[in-house]
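Each remark here refers to the structure printed beneath this line.
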Amino acid sequence: MITRIKSIERTDNPMWTWNNKSFYDFWVECEDGTAGTASSTSPEAPPYSVGDEVEVETSSNKWGVKLKISKVKAPNAGGNKEAYWAEKDERISRQWAINAAMEYIIHASTDRKHFNDDEIKMIARNLLHMRDTLFEDKPKEKMPF
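In my numbering, each number is its position in the sequence shown, counted from 1, plus 139.
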């Protein structure tokens, strides 16, 4: 069932091992009233947090109610690998452009001028444009900086 995490607390249960991995138990309560112990390989916190939308499977054993919890995928990430990789490529491109813009500013600036966010964005956009049009057959426009 799909629900949201209401609270998470580390239990006093000792660490336990399975398949050469260490596990730590957390008491998890969900907004729909589901509650039980969920295990994580992290002693600090499980891979979900309060407010996250999750899918919960419950089972009972001699130690009580055990929860198997997994995060619900975002609507645009629901198995659409092309959209995922396109979005990831776009983020990498933006990161490259910002880093390149900062390097350009450091090396091209002879005075102690401080660039604001808009100037950095403009240089980053220009660098992305230059990269994307580098091998086109039409003449290039001169960069405005």
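Think of the CB as a built atom: it goes at the ideal place given N, C-alpha and C, for glycine as much as any other residue. Just so you know, these numbers come straight off a predicted model, no measurement behind them.
query                                                                                                                                                                  : result
For Met-174, which residues of its own chain have a beta-carbon under 6 Å away from its beta-carbon, when the five flanking residues on both sides are left out?       : Note that residue 174 is Ala in the sequence shown here, rather than Met. Cβ within range, chain order: Glu-168.
Are the CB atoms of Phe-162 and Ser-146 nearer to each other than 8 Å?                                                                                                 : no
Take Pro-185 as the anchor and find which of Leu-206, Phe-165, Trp-202 and Asp-171 has the nearest alpha-carbon.                                                       : Phe-165
In chain order, what are the residue ranges of uninterrupted beta strand (DSSP E) at least 3 long that sit wholly in the stretch 161-212?                              : 174-179, 192-200 and 203-210
Rounding to the nearest angstrom, what Cα-Cα distance links Ile-244 and Glu-148 in this structure?                                                                     : 47 Å
Return the chain-ordered list of same chain residues with a C-beta closer than 7 Å to the C-beta of Leu-267, the five sequence neighbours on each side being excluded. : Ser-232 and Ala-236
Where Asp-191 and Ser-181 are concerned, what is the direct C-alpha to C-alpha distance, given to the nearest angstrom?                                                : 18 Å
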